[in-house]
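Here is the structure we will look at, set down as structure tokens.
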Amino acid sequence: ETGVTQTPRHLVMGMTNKKSLKCEQHLGHNAMYWYKQSAKKPLELMFVYNFKEQTENNSVPSRFSPECPNSSHLFLHLHTLQPEDSALYLCASSPGLERVGELFFGEGSRLTVL
Amino acid sequence: EDQVTQSPEALRLQEGESSSLNCSYTVSGLRGLFWYRQDPGKGPEFLFTLYSAGEEKEKERLKATLTKKESFLHITAPKPEDSATYLCAVQARDSNYQLIWGAGTKLIIKP
Numbered sequence: 001e002t003g004v005t006q007t008p009r010h011l012v013m014g015m016t017n018k019k020s021l022k023c024e025q026h027l028g029h030n031a032m033y034w035y036k037q038s039a040k041k042p043l044e045l046m047f048v049y050n051f052k053e054q055t056e057n058n059s060v061p062s063r064f065s066p067e068c069p070n071s072s073h074l075f076l077h078l079h080t081l082q083p084e085d086s087a088l089y090l091c092a093s094s095p096g097l098e099r100v101g102e103l104f105f106g107e108g109s110r111l112t113v114l
Numbered sequence: 001e002d003q004v005t006q007s008p009e010a011l012r013l014q015e016g017e018s019s020s021l022n023c024s025y026t027v028s029g030l031r032g033l034f035w036y037r038q039d040p041g042k043g044p045e046f047l048f049t050l051y052s053a054g055e056e057k058e059k060e061r062l063k064a065t066l067t068k069k070e071s072f073l074h075i076t077a078p079k080p081e082d083s084a085t086y087l088c089a090v091q092a093r094d095s096n097y098q099l100i101w102g103a104g105t106k107l108i109i110k111p
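Protein chains in written order, with the numbering used here: chain A, 1 to 114; chain B, 1 to 111.
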């Protein structure tokens, strides 16, 4: 138990579907992140939120839309995805941006796009 | 170009057989280097932070060291439960949020 919970753990969707991934952290951290992990590739940073304000959008396609209603919750809204978007999506948190390398990760949401 | 390279890609050891994993990095000034462990089906788990050459950190059977060009994760007398993928990441001095990640080393410890 890392203190970061992601749901759902597995998701299969068609290219025309709309779905959302949810992340909740119980650590009292101020910064939250979305990462993408593809097989045998390095982790890719997608979005960064600090005190629920977006501070980084790492050139992510608009078919991925993040939402951070408060410092404890983070969503990733998905629509019109492509098969190459199939990957493990990881949510992480840190006490603040000054400790961006000391991340607490959730177990991830495994996404398959058909 | 900033980059991180981990080697080997995979390593198979017998229980008790000590070895080292390598993380080579090229960045324009190092702010920090980080080691993580990732078990199958789970997210990465933070292990160590190293800031400057010569620094060492230890945790149980693991010891991380840092030079100006690379970091080593030494594993002493490993046990099967040490089997995992070990990830290395680097934060450059001019980066606020971005980490440069290696692709990882998959470590398998056979009983």
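The C-beta atom is built at its ideal place from N, Cα and C for all residues, glycine as well. Bear in mind that the values here come from a model prediction, so they are computed numbers and not experimental data.
Short of 7 Å from the beta carbon of B/S83, and not among the five residues preceding or following it, lie these beta carbons of its own chain, in chain order: L107, I108 and I109.
Residue pairing by DSSP places A/S94 opposite A/A31 in a beta bridge. Contact with chain A is absent for B/G29, since none of that chain's Cβ atoms lies less than 9 Å from the residue's Cβ. Under the rule that a run must span 3 or more residues, the beta strand (DSSP E) segments found entirely inside the stretch 46 to 107 of chain A read 53 to 57, 64 to 70, 73 to 79 and 87 to 94. Comparing C-alpha distances from B/S7 to each of B/Y97, B/Q91, B/T76 and B/E70 shows the shortest one belongs to B/E70.
Distance from B/S24 to B/T49 at the Cβ level is roughly 18 Å; contact not present, criterion being Cβ atoms closer than 8 Å. Along the stretch 61 to 74 of chain B, none of the residues has a CB nearer than 7 Å to a CB of chain A. Ranked by how close their Cα comes to the Cα of B/G29, the residues B/Y86, B/T67, B/I75 and B/P80 have B/T67 in first place. Chain-order list of chain B residues neighbouring A/L97: N96 and Y97, by C-beta distance under 8 Å. Judged by DSSP in its simplified three-state form, B/E17 adopts coil rather than helix or strand. Setting aside the 5 residues that flank it on each side, A/C68 is surrounded in the same chain by Y49, K52 and L74, each with a C-beta closer than 6 Å to its C-beta; the list follows chain order. Ranking B/L87, B/G104, B/W35 and B/Q98 by CA distance to the CA of B/E56 puts B/W35 first.
If you compare the alpha carbons of A/S94, A/L88 and A/G101 with that of A/L76, the shortest gap goes to A/L88. By the neighbour-count criterion, in which a residue is buried when 16 or more other Cβ atoms sit within 10 angstroms of its Cβ, A/S109 is buried. Secondary structure at A/E24: strand, using DSSP grouped into helix, strand and coil. Annotated three-state conformation of B/E56 is strand, per DSSP. Two segments are said to touch when three or more pairs of C-beta atoms, one from each, lie closer than 8 Å; by this definition the stretch 7 to 20 of chain A touches the stretch 77 to 86 of chain A. Taking C-beta separations shorter than 7 Å and ignoring five residues to either side along the sequence, the partners of A/E24 in its chain run T5, S72 and H73, following chain order.
In this structure, A/G101 lies near B/Q91, with their beta-carbon atoms less than 9 Å apart. Per DSSP, the continuous beta strand (DSSP E) segment holding B/Y36 begins and ends at L30 to Q38.
As the crow flies, the alpha-carbon of A/T112 is around 15 Å from that of B/G41.
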